[in-house]
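Colleague: Input: one structure, supplied below.
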Amino acid sequence: MLISDLKHGPSETVVAELRDYPEWHRHRQRYGVWIIPVNDSVLLEYIETARRRLADLLHPSQQRQPHLTLFVCGFEQQLRVAHDDFSPTQLHDQIESLQGLRSAACSLPLGAPDSFASAVFIPVMDPSGQLTRWRCALEVAAKEVRQATYAPHVTLGLYKRRRKFASDCVRSMRRRRRCE
Numbered sequence: 022m023l024i025s026d027l028k029h030g031p032s033e034t035v036v037a038e039l040r041d042y043p044e045w046h047r048h049r050q051r052y053g054v055w056i057i058p059v060n061d062s063v064l065l066e067y068i069e070t071a072r073r074r075l076a077d078l079l080h081p082s083q084q085r086q087p088h089l090t091l092f093v094c095g096f097e098q099q100l101r102v103a104h105d106d107f108s109p110t111q112l113h114d115q116i117e118s119l120q121g122l123r124s125a126a127c128s129l130p131l132g133a134p135d136s137f138a139s140a141v142f143i144p145v146m147d148p149s150g151q152l153t154r155w156r157c158a159l160e161v162a163a164k165e166v167r168q169a170t171y172a173p174h175v176t177l178g179l180y181k182r183r184r185k186f187a188s189d190c191v192r193s194m195r196r197r198r199r200c201e
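According to the numbering used here, the sequence shown is numbered sequentially starting from 22.
Structure, rendered in structure tokens:
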């Protein structure tokens with residue numbers, strides 16, 4: 022659910038709790054995720070500028086490499102017991118599946134910043150279908166651990182305070198009408 026979807030999007034932000042979540046990880050230490058790191062200096066500067074502008078709304082940025090999450094695997098375990106466990110065999114099979122693609126480099130255009138209820142992000146477009154092909158190759162070996170439909174993006178930050186979206190949008194639209 023995106024804030025840009027005025028009809029179906031969230032009406033307010035959800036404050037993210039920065040804590041350990043032991044009920045989720047249940048003493049499992051390593052979590053597997055396929056990512057595409059952001060290494061472009063211009064994009065990294067854009068991300069930092071956007072984070073500074075949103076500093077009053079977002080938790081301080083953690084020292085995490087900006088990235089695009091491609092596929093969420095789950096907790097690394099020797100044997101898959103829980104629905105969100107991920108075994109070395111599955112990882113091996115995913116690597117082989119990706120290597121079989123022999124993919125060329127691709128461009129991934131970016132959209133205007135948007136927001137989920139819990140986080141601000143930069144949408145990533147997939148005009149050539151490359152992300153879809155990679156995700157399909159990864160899914161051959163493991164079911165993705167996902168709570169919502171995949172939306173390629175680079176996260177700018179998590180909300181630290183609640184803010185209503187609907188009232189802000191109405192005020193913004195009224196201001197635009199006065200300017201026209």
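From the three backbone atoms N, C-alpha and C, an ideal C-beta is built for every residue, glycine too.
1) In whole angstroms, what separates the C-alpha of H104 from that of A162?
2) My output table needs one value for V102: the three-state DSSP class, helix, strand or coil.
3) Return the CA-CA distance between R183 and G95, expressed in angstroms with no decimal places.
4) If you follow the beta strand (DSSP E) that C94 is in, where does it begin and where does it stop?
5) Check whether the Cβ atoms of V145 and G178 sit closer than 8 Å, and answer yes or no.
6) Please report the distance separating the alpha-carbon of R192 from that of F137.
7) Figure out for me which residue from H88, Q84 and D77 has the closest Cα to the Cα of L64.
8) Note down, in chain order, each residue of its chain lying with its Cβ closer than 6 Å to the Cβ of E201, except the 5 sequence neighbours on either side.
9) Since E97 and R51 should fall inside the 8 Å C-beta cutoff, what is the C-beta to C-beta distance between them, to a whole number of angstroms?
10) Are the segment 56 to 63 and the segment 103 to 123 touching, with three or more C-beta to C-beta distances below 8 Å?
11) From E117 to L152, what distance separates their C-alpha atoms?
12) V93 and I143: beta carbons closer than 8 Å?
13) Counting only the same chain and skipping the five closest in sequence on each side, list residues whose C-beta sits under 6 Å from that of A172.
14) Throw me the rounded Cβ distance for the L112 and G53 pair, which I believe falls under 8 Å.
15) Go ahead and label Q99 buried or exposed: buried means 16 or more other beta carbons lie within 10 angstroms of its beta carbon, across all protein chains shown.
Modeller: If we stick to the structure as given:
1) Rounded to whole angstroms, the separation of the alpha carbons of A162 and H104 is 14 Å.
2) It is coil, neither helix nor strand.
3) Taking the straight line from one Cα to the other gives about 29 Å.
4) Under the DSSP assignment, C94 falls in the beta strand (DSSP E) whose first and last residues are H88 to E97.
5) Against a cut-off of 8 Å, the Cβ pair of G178 and V145 comes out as no contact.
6) Only weak support is given to the placement of R192: the predicted model assigns it a pLDDT of 44, under 50, and the value that follows is read from those uncertain coordinates. Going by the C-alpha atoms only, they are around 20 Å apart.
7) Closest option to L64, Cα to Cα, is H88.
8) At E201, the pLDDT of 41 sits below 50, so the modelled position is not reliable and the matter cannot be decided from this model.
9) Indeed, because the Cβ distance is near 4 Å, the residues count as touching under 8 Å.
10) No: fewer than three Cβ pairs fall under 8 Å.
11) About 17 Å.
12) No, the pair does not count as a contact, with Cβ atoms beyond the cut-off.
13) Hits under 6 Å: none found.
14) Taking C-beta atoms under 8 Å as the contact rule, L112 and G53 qualify, at a distance of about 7 Å.
15) Flag for Q99 reads exposed.
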